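Residue numbers (the numbering used here): 129 to 213. Just so it is clear, CB atoms sit at the ideal spot from N, CA and C, and this is done for glycine as well. Computed from a prediction, not measured in an experiment: that's the story for all the values here.
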């Protein structure tokens, strides 16, 4: 979350340049992303035992997309004014 808000341009770089990476580097990034999502799915299922892992995975992906989009679209600033709006 912090990186998405502090450096939203990094997401733009990632999405525009990821296909220029070597297949091995793409696999490394994909595995890191999958591991991050899997970790969050475990947390969500632990606090929401009524959710299936598939439901938790959907929610995790939605939350991650929301964070990235907010960081990019609203250029969040950690200021008193921004927190009050």
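Asked	Found
For residue 164 and residue 172, the rounded distance between their alpha carbons	12 Å
Contact check, residue 169 vs residue 184, beta carbons under 7 Å	yes
Buried versus exposed, by CB contacts within 10 Å (16 or more), residue 141	exposed
For residue 216, three-class secondary structure by DSSP	Residue 216 lies beyond the stretch modelled for the chain, which goes from 129 to 213, so this question has no answer here.
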